[in-house]
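Chains as they are written, first to last, in our numbering: chain A, 347 to 525; chain B, 3 to 204.
Note that the Cβ used here is the ideal one computed from N, Cα and C, for glycine as well.
If you're wondering where the values come from, they're calculated on a predicted model, not measured in any experiment.
A quick write-up on the structure given underneath.
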């Protein structure tokens with residue numbers, strides 16, 4: 347405890363009293379433990395995959411008069427039904443029989459790209475792009491709706507809109523057992 | 003025969019490098035991560051190929067699922083001001099303590115007449131609280147519309163920005179549930195909003 351060096355300096359003759367050098371190494375194990383504990387905590391409590399946002403633009407309902415007339419031959423109407431199925435037709439309803447299609451690479455995406463190309467070829471520029479009207483029925487799911495918009499994005503359709511379905515079109519869906 | 007002596011090595015390892023790595027990772031996680039907010043309603047978000055991420059602030063999220071609508075808004079100061087405005091609108095007075103408590107609730111789905119009771123609950127009780135959702139149906143008492151309207155005013159006053167809206171819909175729900183919320187937004191001339199999706203491959 348309280349001791350004084352009273353040896354008279356036998357060894358340290360005339361020299362300095364040297365303090366013992368302590369090792370500079372610190373045991374970091376505990377610190378590493380703590381750090382990994384915190385890492386684990388942060389991994390568990392946070393969301394790494396941030397949700398994605400798909401932008402939606404709806405037509406302005408208050409401005410009814412600014413709607414441009416569009417040739418029927420350029421519009422493609424997609425009716426969303428049940429069981430992940432939909433129907434599509436070109437032009438006015440009832441004139442041509444709708445085609446039943448499903449989602450995915452060989453389904454509506456192929457159709458969209460094919461029809462878009464066809465319209466581009468048969469119409470004069472610069473307004474030779476296809477206009478897609480998406481009409482979800484009351485029986486279609488939100489997932490199908492998002493899928494449809496996604497397919498439109500993938501196919502690179504310039505112009506599309508979400509429109510309310512008409513009774514005539516519901517009848518079309520009913521005929522094919524999709525309502 | 004002479005025995006071969008295995009030299010004993012010290013068991014103490016140099017942890018410095020490991021410590022460095024651990025803290026580097028830790029710093030990364032703290033800086034990049036956003037705390038997971040507990041959703042009061044489990045929503046199965048549909049997947050899309052969109053890669054744009056949801057903005058962090060100045061956003062109101064409308065969660066739609068199981069026939070209920072939940073309202074959420076970012077920012078504690080906005081929530082506080084919003085509750086005050088909603089209190090004025092529906093003639094309910096909230097104490098400063100209640101406003102404080104409300105400012106940490108990210109998402110909720112209770113009608114105005116149950117809101118006071120909901121605020122009074124603690125966090126654990128809130129999770130099990132049977133939230134009926136915010137009334138949307140009757141046009142005379144469309145509380146969601148009022149919430150959205152007041153939220154926009156509050157955001158404009160505090161941040162001088164237009165509030166953005168995002169809809170988080172349940173994938174299996176039928177389209178009319180979503181349509182109902184869009185109609186509310188469109189009636190206030192909000193024609194641009196986001197749909198929250200998860201990421202999927204092409």
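Please report how far the alpha carbon of residue i lies from the alpha carbon of residue j, in whole angstroms.
{"i": "residue 356 of chain A", "j": "residue 388 of chain A", "result": "Bear in mind that the predicted position of residue 356 of chain A carries a pLDDT of just 49, short of 50, making it too unreliable to give a figure here."}
{"i": "residue 345 of chain A", "j": "residue 94 of chain B", "result": "Lying outside 347 to 525, the shown extent of chain A, residue 345 of chain A is not represented and no answer is given."}
{"i": "residue 179 of chain B", "j": "residue 191 of chain B", "result": "19 Å"}
{"i": "residue 364 of chain A", "j": "residue 370 of chain A", "result": "17 Å"}
{"i": "residue 143 of chain B", "j": "residue 521 of chain A", "result": "39 Å"}
{"i": "residue 116 of chain B", "j": "residue 147 of chain B", "result": "17 Å"}
{"i": "residue 473 of chain A", "j": "residue 127 of chain B", "result": "59 Å"}
{"i": "residue 112 of chain B", "j": "residue 90 of chain B", "result": "17 Å"}
{"i": "residue 185 of chain B", "j": "residue 481 of chain A", "result": "15 Å"}
Which partner residues does residue i have in the DSSP bridge list?
{"i": "residue 448 of chain A", "result": "A/431"}
{"i": "residue 185 of chain B", "result": "According to DSSP, which records beta bridges pairwise, residue 185 of chain B is partnered with nothing at all."}
{"i": "residue 176 of chain B", "result": "A/487"}
{"i": "residue 482 of chain A", "result": "A/426"}
{"i": "residue 398 of chain A", "result": "B/55, B/199"}
{"i": "residue 436 of chain A", "result": "A/422"}
{"i": "residue 169 of chain B", "result": "B/64, B/197"}
How would you call residue i, buried or exposed, if buried means at least 16 neighbouring beta carbons within 10 angstroms?
{"i": "residue 63 of chain B", "result": "buried"}
{"i": "residue 12 of chain B", "result": "exposed"}
{"i": "residue 383 of chain A", "result": "exposed"}
{"i": "residue 50 of chain B", "result": "buried"}
{"i": "residue 376 of chain A", "result": "exposed"}
{"i": "residue 489 of chain A", "result": "buried"}
{"i": "residue 502 of chain A", "result": "exposed"}
{"i": "residue 403 of chain A", "result": "exposed"}
{"i": "residue 444 of chain A", "result": "buried"}
{"i": "residue 347 of chain A", "result": "Here residue 347 of chain A scores only 46 on pLDDT, less than 50, and its place in the model should not be relied on; the value that follows carries that caveat. So residue 347 of chain A counts as exposed."}
{"i": "residue 399 of chain A", "result": "buried"}
{"i": "residue 65 of chain B", "result": "buried"}
{"i": "residue 10 of chain B", "result": "exposed"}
{"i": "residue 134 of chain B", "result": "exposed"}
{"i": "residue 74 of chain B", "result": "buried"}
Under the criterion of a Cβ to heavy atom distance below 7 Å, does residue i qualify as lining the ligand ATP?
{"i": "residue 374 of chain A", "result": "The model on display carries no ligand, and the ligand ATP is accordingly not part of it."}
Scan the stretch 474-486 of chain A for residues whose Cβ lies nearer than 8 Å to a Cβ of chain B and list them as they occur along the chain. 482, 483, 484, 485, 486
Residues within the stretch 104-122 of chain B neighbouring chain A, beta-carbon criterion of under 9 Å: none
Can you give, in chain order, each stretch of the beta strand (DSSP E) that sits fully within the stretch 52-88 of chain B and has at least 3 residues? 61-67, 70-75
Members of the stretch 382-403 of chain A that neighbour chain B once the beta carbon cut-off is set at 8 Å: 382, 384, 385, 388, 389, 391, 392, 393, 394, 395, 396, 397, 398, 399, 400, 401, 402, 403
For the stretch 496-524 of chain A, list every residue whose C-beta sits within 8 Å of some C-beta in chain B, in sequence order. 496, 499, 500
Quick one, which residues of the stretch 439-464 of chain A are near chain B if we go by CB-CB under 8 Å, in chain order? none
Curious, which full-length beta strand (DSSP E) runs of at least 3 residues does the stretch 490-519 of chain A contain? 505-508
Contained alpha helix (DSSP H) runs [length at least 4] in the stretch 94-157 of chain B, N- to C-terminal order: 98-104, 114-122, 125-130
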